[in-house]
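Data first, discussion second: the structure below is written as structure tokens.
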Amino acid sequence: MPTAKKLTKKSHLKVVSPALAASIGTARARPSDRYQVLFEQASDAILTVNADGMIDAVNQAAEDLTGFVREELLKQSIEILIPDPAAHRIPDRARPISLDCFQVSGTFEDIAILRKDGYVRLVELSVRLVEASGKGLAIVLLRDVSEKKRMERELITKHAELRNAYFQLEKKNAELQSMQETLVQAGKMAALGELAAGIAHELNQPLQGIRGYAQELQAILPPSKNTGNAEVQSFLGEITSNVDKMASIIDYLRTFVRKSTEDFEWVDVHGAIDEALKMLARQFQVRGIKVERHYSGHLPKIYANPLQLEQVFINLATNARDAIEASGRGWGKITIGTKVLPNGFVEVDFHDDGVGMNEKTKAKAFNPFFTTKEVGKGMGLGLSLSYGMISKLHGSIVVESEVGKGATFLVRLPKDFRELA
Ligand SMILES: Nc1ncnc2c1ncn2[C@@H]1O[C@H](COP(=O)(O)OP(=O)(O)O)[C@@H](O)[C@H]1O
Ligand SMILES: [Mg+2]
């Protein structure tokens, strides 16, 4: 086969399939050049290795892949391409190229070869054993997969990043939802504030009227010569003092909605709790309610309105009292703990062993005017007002409770809300 012989001479390639030669066609000019071009321009690195493991022919891509020039490879042992695991970094799943690779035809993945510059490349190795001029010859195809592997790794990293981003998104979404709930609650509080201010304004006028008439009556009644007048006088006194009580409640509502900071000062939280408990001490005593305090020894003062803070604890203590009374046992215990949280907030843990709350009550407990108590006993404002006051201090109040297991209110307050505003 003359065409094959010519090609052999030029490229050291000793074998060409007759079918290939035929398909290219000998009619057109200089088929040997064609094979040369085919061999040279192939995008995969090709080299031939003889039975002694000597490199016999290389193409351009093989030069590019190995970093050696043709002269450095020809008549060299294939060992020139074997990396030394002790000296070169061979990726985990890869194995170094070896003489064994050329004993059988086949394809091997993740084969590490050593470049001239000392870097290891990962290749897919295809070996085809043929016979040429009575001698065994291996046609070797090397396909660089380092880039592919790198991209695979990158894909895995990117996938992990994407997963991570997805989880972050889920978390942010949950935060957003809870913020939305807080906003709804804050909206309710604002509405309550306006309502309270409106009621306070509207009620004050007629109340002062009632007070005025009562005092007028007291004045025009002749001095009490008989018991009847004395009784009327005392009733009128009751009217005046009850009106005063109502006026002070209205006043309290007004201070609550007023956005002033002038009454703020550094407050001892334990002092505020103790004041609140003192006011209820007698009521606790007659109901067999004991109070246990677990105060932190290092609680910092917080910047707040002391009266409002005290009011929060009065509200909590009153509710605890009612819950214990509702249990019908005739005794109970309120446990109050304080501590400093890692973020510097002060936490008050207000626990009672009363009747507790079901899910529905728990969900609505902070709503304005929500009460489960009989008419005249509960206004349903204690917790919503407390919530409002605590929110103004950039704090939080949450409840944990189950029916029959009492209730725990956790109040968390920053040391100085102005730093967070
Ligand atoms: N410590 C508690 N134990 C059980 N239920 C409670 C407790 N604190 C509050 N609640 C429930 O939350 C509701 C709302 O409380 P609150 O706003 O103080 O209004 P009120 O005490 O006037 O009913 C109460 O009616 C009660 O059902
Ligand atoms: Mg209450």
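Using the numbering used here, you'd call the opening residue of the sequence shown number 488 and step up by one each time.
Cβ atoms here follow ideal geometry from the backbone N, Cα and C, with glycine treated the same way.
query: Quick one, are the C-beta atoms of Val-778 and Ile-707 less than 8 Å apart?
result: Within the sequence shown, residue 778 is the residue found at index 291, counting from 1. Within the sequence shown, residue 707 is the residue found at index 220, counting from 1. Taking 8 Å as the Cβ cut-off, Val-778 and Ile-707 do not qualify as a contacting pair.
Beta-carbon proximity check, Lys-849 vs Ser-814, cutoff 8 Å: As a first step, residue 849 is located in the sequence shown; it is residue number 362 there, counting from the start. As a first step, residue 814 is located in the sequence shown; it is residue number 327 there, counting from the start. Taking 8 Å as the Cβ cut-off, Lys-849 and Ser-814 do not qualify as a contacting pair.
- request: With DSSP as the reference, label Val-827 as helix, strand or coil.
  value: Against the sequence shown, residue 827 aligns to sequence position 340. Strand, per DSSP.
Proximity to Ala-810 [Cα-Cα], best of Arg-521, Leu-828, Met-766, Gly-865: The count along the sequence shown starts at 1 and reaches residue 810 at position 323. Considering only alpha carbons, the answer is Gly-865.
message: Distance check for Leu-561 and Phe-555, CA to CA, integer angstroms please.
response: Position 68 of the sequence shown, counted from the start, is the residue given in the question as residue 555. Position 74 of the sequence shown, counted from the start, is the residue given in the question as residue 561. Their Cα atoms are separated by approximately 10 Å.
- request: Out of Gln-563, Ile-567, Gly-605, Glu-611, state which residue places its alpha-carbon closest to the alpha-carbon of Ala-581.
  value: Within the sequence shown, numbered from 1, the residue matching residue 581 stands at position 94. The option with the nearest alpha carbon to Ala-581 is Glu-611.
Selected residue, minimal CA-CA separation from Val-617, among Arg-650, Ala-763, Asn-537, Leu-679: Locating residue 617 in the sequence shown gives position 130, counting from the first residue. Ranking the options by Cα distance to Val-617, first place goes to Asn-537.
field: Through-space distance from Gln-655 to Ser-530, alpha-carbon basis
entry: Walking along the sequence shown from the start, residue 530 turns up at place 43. Walking along the sequence shown from the start, residue 655 turns up at place 168. When rounded, the distance between both Cα atoms is 44 Å.
- request: Just list the beta strand (DSSP E) runs in the stretch 527 to 611, keeping only unbroken ones of 3 residues or longer that don't cross its boundaries, in chain order.
  value: 532 to 537, 542 to 545, 593 to 601
- prompt: Looking at the structure shown, is Lys-902 part of a helix, part of a strand, or coil, going by DSSP?
  reply: As a working mapping, residue 902 is identified with position 415 in the sequence shown. Coil.
- prompt: Just how far apart, CA to CA, sit Pro-787 and Gly-696?
  reply: In the sequence shown, residue 787 corresponds to position 300, counting from 1. In the sequence shown, residue 696 corresponds to position 209, counting from 1. Approximately 46 Å, taken between the alpha carbons.
Rounded C-alpha distance that separates Gly-680 from Val-773: Your numbering for residue 680 matches position 193 in the sequence shown. Your numbering for residue 773 matches position 286 in the sequence shown. Computed Cα separation, rounded: 35 Å.
- prompt: Considering only C-alpha positions, which residue in the set Ser-735, Gln-770, Arg-650 is nearest to Gly-819?
  reply: Locating residue 819 in the sequence shown gives position 332, where the first residue counts as 1. Per the Cα distances, Gln-770.
message: Less than 8 Å between the C-beta atoms of Asp-631 and Leu-552, yes or no?
response: Here residue 631 is taken as the residue at index 144 of the sequence shown, counted from 1. Here residue 552 is taken as the residue at index 65 of the sequence shown, counted from 1. Contact: yes.
task: Write down every uninterrupted run of the alpha helix (DSSP H) in the stretch 712 to 780 whose length is 4 residues or greater and which is fully enclosed by it, in chain order.
output: 714 to 744, 756 to 773
field: Per-residue DSSP class, three states only, for Asp-839
entry: What you label residue 839 is simply residue 352 of the sequence shown in a count that begins at 1. Residue state, collapsed to three classes: strand.
- prompt: Should Asn-854 be counted as a contact of ligand 2 given a C-beta to heavy atom distance under 7 Å?
  reply: One-based indexing of the sequence shown puts residue 854 at position 367. The answer is no for Asn-854.
message: Rounded to whole angstroms, what is the Cα-Cα separation between Leu-764 and Thr-825?
response: For the purposes of this step, residue 764 is taken as residue 277 along the sequence shown, with counting starting at 1. For the purposes of this step, residue 825 is taken as residue 338 along the sequence shown, with counting starting at 1. Cα to Cα, Leu-764 sits roughly 15 Å from Thr-825.
message: I need the DSSP call for Leu-458, collapsed to helix, strand or coil.
response: The structure shown does not extend to residue 458, since the chain spans only 488 to 908, so no value can be given for it.
message: ligand 2 and Leu-870: does the residue's C-beta get closer than 7 Å to at least one heavy atom of that ligand?
response: Residue 870 sits at position 383 when you count from the first residue of the sequence shown. For ligand 2, at least one heavy atom lies less than 7 Å from the Cβ of Leu-870.
message: Any heavy atom of ligand 1 closer than 7 Å to the beta-carbon of Ala-807?
response: As a working mapping, residue 807 is identified with position 320 in the sequence shown. It does: the Cβ of Ala-807 is within 7 Å (strictly closer) of some heavy atom of ligand 1.
field: Residue from Leu-900, Glu-668, Gln-523, His-838 with nearest C-alpha to Tyr-790
entry: Residue mapping note: residue 790 aligns to position 303 of the sequence shown, counting from 1. Of the candidates Leu-900, Glu-668, Gln-523, His-838, the one whose C-alpha sits nearest the C-alpha of Tyr-790 is Leu-900.
task: Kindly list the residues whose CB is nearer than 7 Å to the CB of His-785, restricted to its own chain and excluding five residues on each side of it in sequence; keep chain order.
output: Taking the first residue of the sequence shown as position 1, residue 785 is located at position 298. Val-827, listed in sequence order.
- prompt: Val-614 to Ile-643, Cα distance in whole Å?
  reply: As a working note, residue 614 is residue 127 in the sequence shown. As a working note, residue 643 is residue 156 in the sequence shown. So the two alpha carbons sit approximately 31 Å from each other.
query: Within 7 Å: the Cβ of Gly-865 and any heavy atom of ligand 2?
result: The residue labelled residue 865 in the question sits at position 378 within the sequence shown. Correct: Gly-865 has its Cβ closer than 7 Å to ligand 2.
- prompt: Secondary structure at Arg-816, three-state DSSP: helix, strand or coil?
  reply: Position 329 of the sequence shown holds residue 816. Coil at Arg-816, not helix or strand.
task: Just the C-alpha distance for Ile-565 and Ile-542, rounded to the nearest angstrom, thanks.
output: Locating residue 565 in the sequence shown gives position 78, where the first residue counts as 1. Locating residue 542 in the sequence shown gives position 55, where the first residue counts as 1. Cα-Cα distance, rounded: 6 Å.
query: How would you label Met-876, buried or exposed, when you count the other beta carbons within 10 angstroms and need 16 or more for buried?
result: Walking along the sequence shown from the start, residue 876 turns up at place 389. When all chains shown are included, Met-876 counts as buried.
- request: Please report how far the alpha carbon of Thr-727 lies from the alpha carbon of Ile-686, in whole angstroms.
  value: Reading the sequence shown from its first residue, position 240 is the one you call residue 727. Reading the sequence shown from its first residue, position 199 is the one you call residue 686. If I take the Cα positions, the gap works out to 20 Å.
message: For Glu-558 and Leu-601, I'd like the C-alpha separation in whole angstroms.
response: Position 71 of the sequence shown holds residue 558. Position 114 of the sequence shown holds residue 601. Their Cα atoms are separated by approximately 17 Å.
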